[in-house]
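Q: Next up is a structure, given as structure tokens.
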Ligand code: DX5
Ligand code: ZN
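In the numbering used here, the protein residues as written are 5 to 234.
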């Protein structure tokens, strides 16, 4: 399985971390009906990021739904020892793992490990991390995730510096490597991130904290796919 097979277009990925967990299945179903194909799943360990978020038991609860729809669970590991968790994510039905370059000493080994488990794989970088570090680590990965906030929680403002970092990453990475942006993506920022070169846009609060998450998703899809205006 690879990202190239799942996502041949620009995608808006709802970030489950911002969902109403008391109605998680229903919310995912609604977004599937609205056209979402890839769901972003944030694992935080209380160490790499201060927050403890959600983990493999929740992946196991929802992967039968997403798999049944032919959708994907894209797992962003905001954790200090990501490789320790690859197997649990795979067994729970996750489809990919993205680990942070700041905590990866042997990215090539981590990428090979994820592949051996049948997972897609990505390399993430924080706002202060040189883009060159991620480019060097991404050899053989499906995607690079450029954080446009400090990772930890949903609802933060997009950091404008991310646009230049996205453009530099797009320039330096092979065309086959997808470029994902995560943090503060909403109706005001999505198009700029897309124009800078991102083609996988994660959106948490802009979708789940709106009155109509399905319509919010569709609106973001329209914004990033409509032709550029002169
Ligand atoms: C936060 C997570 C994000 C978060 C995005 O660290 O990695 O995926 O849910 O939420 P918004 O879109 O609200 O910034
Ligand atoms: Zn994330």
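Virtual Cβ for every residue (Gly too), placed ideally from N, Cα, C.
Here the structure is a predicted model, which is why all the values come from computation and not from measurement.
Comparing C-alpha positions only, which one of 200, 188 and 189 sits nearest to residue 182?
A: Here residue 182 refers to the residue found at position 178 of the chain shown. Selected option, being the one with the closest Cα: 200.
Q: Where residue 158 and residue 12 are concerned, what is the direct C-alpha to C-alpha distance, given to the nearest angstrom?
A: Within the chain shown, the letter at position 154 stands for residue 158. Within the chain shown, the letter at position 8 stands for residue 12. Between residue 158 and residue 12, the C-alpha separation is close to 26 angstroms.
Q: So, residue 153 versus residue 126, is the Cβ gap smaller than 7 angstroms?
A: By 1-based counting over the chain shown, the position of residue 153 is 149. By 1-based counting over the chain shown, the position of residue 126 is 122. Not a contact, by the Cβ cut-off of 7 angstroms.
Q: How is residue 92 classed by DSSP in three states: helix, strand or coil?
A: Taking the first residue of the chain shown as position 1, residue 92 is located at position 88. Three-state DSSP puts residue 92 in a helix.
Q: Residues around the ligand ZN, please: the condition is that the C-beta lies closer than 5 angstroms to some non-hydrogen atom of it.
A: 46, 80 and 186
Q: Compare the Cα-Cα distances from residue 85 to each of 47, 72, 94 and 8 and report the closest residue.
A: Residue 85 sits at position 81 when you count from the first residue of the chain shown. Out of 47, 72, 94 and 8, 47 has the C-alpha closest to the C-alpha of residue 85.
Q: Hey, is the region 67-85 in contact with the region 16-36, meaning 3+ C-beta pairs nearer than 8 angstroms?
A: yes
Q: Looking at the ligand DX5, does it come within less than 6 angstroms of residue 97, judged from the CB to the closest heavy atom?
A: On the chain shown, position 93 is the one that residue 97 refers to. Because no heavy atom of the ligand DX5 lies under 6 angstroms away, the Cβ of residue 97 does not count as near it: no.
Q: Can you tell which of 160, 198 and 145 has the C-alpha that lies nearest to the C-alpha of residue 169?
A: Residue mapping note: residue 169 aligns to position 165 of the chain shown, counting from 1. If we check each option's Cα against that of residue 169, 198 comes out closest.
Q: Heavy atom of the ligand DX5 less than 6 angstroms from the Cβ of residue 206, yes or no?
A: The residue given as residue 206 occupies position 202 in the chain shown. Under cutoff, so the answer is yes.
Q: Would you kindly report the start and end of the unbroken alpha helix (DSSP H) that includes residue 249?
A: Residue 249 cannot be examined here, being either before or after the span of the chain that is shown, 5 to 234.
Q: Any idea which residues DSSP pairs residue 126 with across the strands?
A: Locating residue 126 in the chain shown gives position 122, where the first residue counts as 1. Paired residues: 102 and 147.
Q: Roughly how many whole angstroms lie between the Cα atoms of residue 172 and residue 135?
A: By 1-based counting over the chain shown, the position of residue 172 is 168. By 1-based counting over the chain shown, the position of residue 135 is 131. Their backbone Cα atoms lie some 7 angstroms apart in a straight line.
Q: Would the beta-carbon of residue 39 be found less than 6 angstroms away from any heavy atom of the ligand DX5?
A: For the purposes of this step, residue 39 is taken as residue 35 along the chain shown, with counting starting at 1. Residue 39: no, Cβ never under 6 angstroms from the ligand DX5.
Q: Could you tell me the distance, in whole angstroms, from the CA atom of residue 61 to the CA atom of residue 213?
A: As a first step, residue 61 must be located in the chain shown, where it is residue number 57. As a first step, residue 213 must be located in the chain shown, where it is residue number 209. If you take the alpha carbons of residue 61 and residue 213, they lie about 24 angstroms apart.
Q: Does DSSP put residue 32 in a helix, a strand or coil?
A: Numbered from 1 along the chain shown, position 28 holds the residue referred to as residue 32. DSSP places residue 32 in helix when its eight states are reduced to three.
Q: Below 7 angstroms between beta carbons: does that hold for residue 205 and residue 16?
A: To locate residue 205, count along the chain shown from 1; it is residue 201. To locate residue 16, count along the chain shown from 1; it is residue 12. Yes, the Cβ-Cβ distance between residue 205 and residue 16 is below 7 angstroms.
Q: What are the boundary residues of the alpha helix (DSSP H) that residue 85 is part of?
A: Position 81 of the chain shown, counted from the first residue, corresponds to residue 85. Taken as a continuous stretch (DSSP letters only), residue 85 belongs to no alpha helix (DSSP H), as it is neither H nor E.
Q: May I ask you to check if the CB of residue 126 is nearer than 6 angstroms to at least one heavy atom of the ligand DX5?
A: For the purposes of this step, residue 126 is taken as the residue at position 122 of the chain shown. It does not: the Cβ of residue 126 is nowhere closer than 6 angstroms to a heavy atom of the ligand DX5.
Q: With a threshold of 6 angstroms (Cβ to nearest heavy atom), would residue 155 be considered close to the ligand DX5?
A: Along the chain shown, read from residue 1 onward, the residue named residue 155 stands at position 151. Yes, the beta carbon of residue 155 sits closer than 6 angstroms to at least one heavy atom of the ligand DX5.
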